[in-house]
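Going left to right, the sequence shown walks through residues -26 to -1, 1 to 341 as mature numbering (1 follows the signal peptide of the UniProt record, and there is no 0) numbers them.
Yeah, the Cβ is synthetic: ideal placement off N, Cα and C, and Gly gets one too.
Note that the coordinates shown come from a computational prediction; the quantities given were computed from them, not determined experimentally.
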Amino acid sequence: MARRAFLALTVSAIVTLSLTEASASAAQEVTPKQRYAAAEALRIGTHGAPDASAAFGAMHALAQEGDARAQAKLAYYHLKGVGTAVDPEAAALWYQAAIKSGRDGARTSYAKLLMSQEQALASLEQLDIASDLGIERAQALRAAYHYQKRFGAQSDIAFGRKELTRFAQAGHVPSMQIALAAMRQGAEFDLNAAKLQAQLVDVARQDQAKAGGKAAEALLKLLQEERGAEALALRAEMVAHPSIRTRVRAEQALYLAYATQSHRAFRASATEIVAGTPNPDFERALFVVSRLDKNAYVHVLQEEMRARGYAVGRTTGIFNTRTLNAVVQFCADTDIQKDCRLGPMRSKVIKVIVGELSGIDRLQKTP
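Rendered as structure tokens:
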């Protein structure tokens, strides 16, 4: 009797322990949603320095398990070169996988990719399907493409204008931007341009999060060529918005500095802006400098190459012999001599040099 009681207690203890362990194990399991968030945190650098390679690995593993959201995001990683080489074909395959897994929202991004590959009718097909499902992003993008004649002979400009007007009136920022830009060129919309721009300003000022950032970016694009005091002040305010993308902030800060500063002052500002722009946007920022002011580009190039250990001589903004020799050495070190032979100030060569430069860390300064 005592033995039976002992065995019963033992079994009960084992069962209790097993249930406790199972409960603890379940509590420790990481959900797909948590894994997705962790991968994005690695990409953005939420808890430390960004780690694009680790983000790609984590998102790729989740996507391979069939998670539709991860598949769509992995397509974006391939498209933008996040932790991997830029690969539009791989992006297309992952968008297709996400759609097959039931994520119809991915059709909009896939349609953008198809349009960039000059597959207009395939893009329209995806947008039509998504629009019929009630996906507003797809409806708005379809309207823009129709209005901009991106669908060729299948474009319906009147439909596009009508839909853009509807979305702009509803406060859809991209539609507001397209309509405003068109009206600035003389196009007719059933909209009040001044009121529409004021609405964009209100959104940017009242929302410090993503929606406000999009409005700020739209205003910066619209006002990019304006030099009036009021426009310049508004541009400066929008560049400082906390939620605009790093790439946009760098580009627009450069455009603003170029519009308001002397050539000498712009060199210093460009150097500071480029140095403060992390990858993958560093490359674009330095290329923008080259388009605005070639001497400023050489000035920044000299600083950036010196920061990577190359003897470029004094920072003068002039392509002197020492700088040229340093660039020749850099081209040899990075195996891009064939491109460099075309001349270091050619636009194509600048892109190649800047691209290679962005992949090399600056030397750590010793105290």
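Straight-line measurement puts the Cα of Ala71 at about 44 Å from the Cα of Glu200.
For Val213, the closest of His237, Arg241, Val175 and Arg238 by C-alpha to C-alpha distance is Val175.
A residue is called buried once 16 or more other Cβ atoms fall within 10 Å of its Cβ, and Arg81 is buried on that count.
Contact between the segment 148 to 165 and the segment 113 to 127 is present: 3 or more CB-CB pairs across the two stretches fall below 8 Å. DSSP places Val60 outside any alpha helix (DSSP H), giving it a letter other than H or E. Contact annotation: the segment 249 to 260 touches the segment 321 to 335, with at least three C-beta pairs closer than 8 Å. The straight-line gap separating the alpha-carbon atoms of Ala132 and Arg158 is approximately 18 Å.
Rounded to whole angstroms, the gap between the alpha carbons of Lys195 and Asp130 is 26 Å.
The beta-carbon separation of His34 and Leu53, rounded to 14 Å, does not stay under the 8 Å limit for a contact. Ala65 is positioned such that its CB atom lies closer than 8 Å to that of Leu87. Straight-line measurement puts the Cα of Asn299 at about 36 Å from the Cα of Arg219. With a beta-carbon spacing of about 5 Å, Gly57 and Ala29 fall inside the 8 Å limit used to define contacts. Under the three-state reduction of DSSP output, His52 falls in the helix class. Secondary structure of Asn269 (DSSP, three-state): helix. Assigned with DSSP and collapsed to three states, Phe30 falls in helix.
DSSP places Glu110 in the uninterrupted alpha helix (DSSP H) bounded by Glu110 to Tyr121. Note that the C-beta distance between Leu208 and Leu193 is below 8 Å. For Leu165, no alpha helix (DSSP H) segment is defined, and its DSSP state is neither H nor E. For His21, the three-state secondary structure derived from DSSP is coil. Comparing C-alpha distances from Gly187 to each of Ser217, Arg111 and Arg140 shows the shortest one belongs to Ser217. Around the beta carbon of Thr20, fewer than 16 other beta carbons sit within 10 angstroms, so the residue counts as exposed. Annotated as proximal: Phe240 and Asp267, with beta-carbon spacing under 8 Å. In the structure shown, Gly291 falls within a coil segment according to DSSP collapsed to helix, strand and coil.
Under the three-state reduction of DSSP output, Ala12 falls in the helix class.
One alpha carbon belongs to Arg336, the other to Arg221, and they sit about 20 Å apart.
The continuous alpha helix (DSSP H) containing Asp106 extends over residues Ala94 to Asp106. Apart from the 5 residues on each side of it in sequence, Ser97 sits with its Cβ closer than 6 Å to the Cβ of Ala85, Leu88 and Met89 in its chain, given in chain order. Leu170 is the residue among Leu170, Glu211, Gln45 and Leu165 whose C-alpha sits nearest the C-alpha of Val147.
Cβ-Cβ separation between Arg282 and Ile334: approximately 5 Å, consistent with a contact (criterion under 8 Å). The beta carbon of Glu137 lies closer than 6 Å to those of Ala117 in the same chain, with the five residues before and after it left out. Annotation: Gln113 to His273 spans about 46 Å, alpha carbon to alpha carbon. DSSP, reduced to helix, strand and coil, places Tyr284 outside both helices and strands of the structure shown, so it counts as coil. Here Pro318 is buried: its Cβ has 16 or more other Cβ atoms, across all protein chains shown, within 10 Å. Using a Cβ distance threshold of 8 Å, Ala13 and Ala32 count as a contacting pair.
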